[in-house]
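Remarks on the structure that follows.
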Amino acid sequence: MTDLLHTIPDFPTRLYTHLLPSLEKHLITTTDLLTLDALEVAKRAQLPLLDVRRLANHVVAILQGRLGLKREHAPSYQNAGEGQADYGSLRKTGKEATVRLCPISSLDPSMDAALGGGIPTGYITEVTGESGAGKTQLLLTFLLSAQLPPPHGLSRPTLYISTEHPLPTNRLAQLLKNHPVLSSRPNPPSLNRILTLNTPDLESQDHILTYQLPVALARHNVGLVILDSIAANYRAERSSASTPSALATRSAQLVRLGALLRYLSREHNCAVVVANQVADRFAPVSTTTRASASVSVGNVFSSSPASTGTSSAPAPSVLSLDHQQRFFTGWGAEPSTPPHNLKTPSLGLVWANQIACRIALVKERDSGNAGLGEGEVAVQGIGGAEWNSRRWRRWLRVVFAPWVQGTGEGGKGMEFEVWTGGVRAVDKAAV
């Protein structure tokens, strides 16, 4: 229990001086005390069962009190008032939480419905996809809509942190001019209410996020933080640091970064949205392919025919990453997806465990249409990419999120397009 005072600094330890030394001797942590059965803890530490249960209940009561979750029949403790403050009732009831949940809108009703109303505060949301899939276009829309009053936004300034390119102010001005919701407002969003920071390398990114970002959130009452993109600086460092120890260090850095962003989003009640890059997914070489290759090589030196067999490659184990990644990457859940179109978001499973929501933007070439139609305008984007609905088709998939059901296995997602006013859902009747 050496970590008890780190978890609850004001815990009245003198009430349990006869228990704590034995718990420390047997390396029982606070997590073990709360998650393991009290009988198992009592056997390991050789302590009375009732005393162990009393200690566990006391720890739970204090933690629930700090979260505002007071029980109706809380247990009474001798001198428990020393170190257990009155934290009041619930921070907010379920109804109040629903009313106060004012997500940031995408300014399109169909897209908001797919996102469960939009991007809520207090969470880390990731938008991932290929180059030209529309990630930055969606993020720029959020930058402006967050400045609108409810139900579209938060009436608060926004912050854009760039790791690759400066803030595209020309594109933002184009959105303000062409989107009907933005242009029709008497007090439209302004570029003056968008703060911007640039992090060209990993060292500056770590310093800015650790020290400058908390100050900016508190000083300017920022409601939305966008980091575009989260993987750029890590991928730049990877070429010179690919040893196992360096990868372990990077994993620890990602865990610290995720913990920092989650804390800031909850502490300042703001939404944190990060853009992430993707990489091609390479299927593992099957045993059948290797066997066929060896047979072909053997036939060069032998004139006798060889049997190649007709057995197919075995399916991956349900516990393997190859099988499970189709549930949290956004690619592979649809059976009809060609293998060469499968992608994997950068930073791996470690970063996927740090975020609350993953939104995958998938693009496929539209072989039925080519070129610009009459009255259509090509939208020039970041890095020279062009977004043209006549050449590409795009889908938005909610891979996982705590506030809305994901797209699900076999679902293609909601089709959308990028136009001069931002992003919008594709009208099925007009297709």
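Take the sequence shown: its letter number 428 is residue 428 in UniProt numbering, and every next letter is one higher. Note that the Cβ used here is the ideal one computed from N, Cα and C, for glycine as well. Owing to the predicted nature of the structure, the values given are computational and were not obtained by experimental measurement.
request  = Using 10 angstroms around the beta-carbon of GLN46, count the other beta-carbons present and answer buried if the total reaches 16, otherwise exposed.
outcome  = exposed
task = Take SER229 as the anchor and find which of ARG250, ASN57, LEU139 and ARG54 has the nearest alpha-carbon.
result = LEU139
request  = On the DSSP bridge assignment, give the partners of ARG394 in chain order.
outcome  = LYS363 and PHE416
task = In the DSSP assignment, find the alpha helix (DSSP H) that holds ALA173 and state where it starts and stops.
result = 169-178
ask   = Which same chain residues, not among the five before or five after LEU5, have their C-beta less than 6 Å away from its C-beta?
value = none
ask   = According to DSSP, is TRP387 helix, strand or coil?
value = Note that TRP387 scores 49 on pLDDT, short of 50, meaning its location in the model is unreliable; the coordinates nonetheless yield the value given after this. TRP387: strand per DSSP, three-state reduction.
ask   = Expressed to the nearest angstrom, what Euclidean distance is found between the alpha-carbon atoms of THR210 and THR196?
value = 16 Å
ask   = Does the region 182-200 touch the region 142-162, meaning 3 or more C-beta pairs lie closer than 8 Å?
value = yes
Straight-line Cα distance separating ASP108 from GLY422 = 10 Å
query = Counting Cβ pairs, one atom from each stretch, are 3 or more of them under 8 Å apart for the region 212-224 and the region 150-158?
reply = yes
task = Classify ARG393 as buried or exposed, calling it buried when 16 or more other Cβ atoms lie within 10 Å of its own Cβ.
result = buried
key: Between the CA atoms of TRP419 and ARG171 - distance to the nearest angstrom   = 11 Å
task = Go to ALA246, then tell me how far its alpha helix (DSSP H) extends in each direction, as first and last residue.
result = 244-267
key: VAL318 to SER162 span [Cα, whole Å]   = 38 Å
ask   = Secondary structure at ILE119, three-state DSSP: helix, strand or coil?
value = strand
ask   = Of all Cβ atoms in chain D, is any one closer than 9 Å to the Cβ of ALA133?
value = Absence of chain D from the displayed structure is noted, only one protein chain being present.
Segment limits, alpha helix (DSSP H) that includes GLU24 = 20-25
ask   = Leaving out five residues before and five after PRO166 in sequence, what residues of the same chain have Cβ atoms less than 8 Å from its Cβ?
value = THR196 and ASN198
query = How far does the beta strand (DSSP E) with GLU126 in it reach, from first residue to last?
reply = 124-129
PRO189 burial status per 10 Å Cβ neighbour count (16 or more: buried) = buried
key: Where the beta strand (DSSP E) containing THR196 begins and where it ends   = 194-198
request  = Under 8 Å by Cβ, that's how I've got GLU130 and LYS343 pegged, so tell me the actual separation to the nearest angstrom.
outcome  = 7 Å
key: Three-state secondary structure (DSSP) of ILE208   = helix
request  = Provide the residue(s) that pair with ARG358 in DSSP beta bridges, ordered along the chain.
outcome  = GLU126 and PHE400
query = What does a CB cutoff of less than 6 Å around ALA232 pick up in its chain, not counting 5 residues either side in sequence?
reply = THR163 and GLU164
task = Determine the direct distance from the alpha carbon of ALA279 to that of ASN341, and round the result to whole angstroms.
result = 10 Å
ask   = Pick from GLN324, ALA248 and VAL59: whose alpha carbon is nearest that of PRO9?
value = VAL59
key: Own chain, CB closer than 7 Å to ASP51, minus 5 neighbours either side, in chain order   = LEU19
ask   = If we count the other Cβ atoms within 10 Å of its Cβ and call it buried at 16 or more, is GLY373 buried or exposed?
value = Confidence in GLY373 is poor, its pLDDT being 46 and thus under 50, which makes the residue's placement unreliable; the coordinate value appears in the next sentence. When all chains shown are included, GLY373 counts as exposed.
inquiry  = For LYS135, count the other beta carbons within 10 Å of its own beta carbon; 16 or more makes it buried, fewer makes it exposed. Which is it?
reply    = buried
message = My assumption, with CB atoms under 8 Å, is that TYR123 sits in contact with SER265. Please give the rounded CB distance.
response = 6 Å
request  = Could you please give me the residues that DSSP links to ASP427 through a beta bridge?
outcome  = BP columns for ASP427 are empty, so no partner.
message = Can you tell me which residues form a DSSP beta bridge with LEU227?
response = ILE161 and VAL274
query = By how many angstroms is the C-alpha of GLU267 removed from the C-alpha of SER105?
reply = 22 Å
key: Cβ-Cβ distance between VAL272 and THR128 below 9 Å   = no
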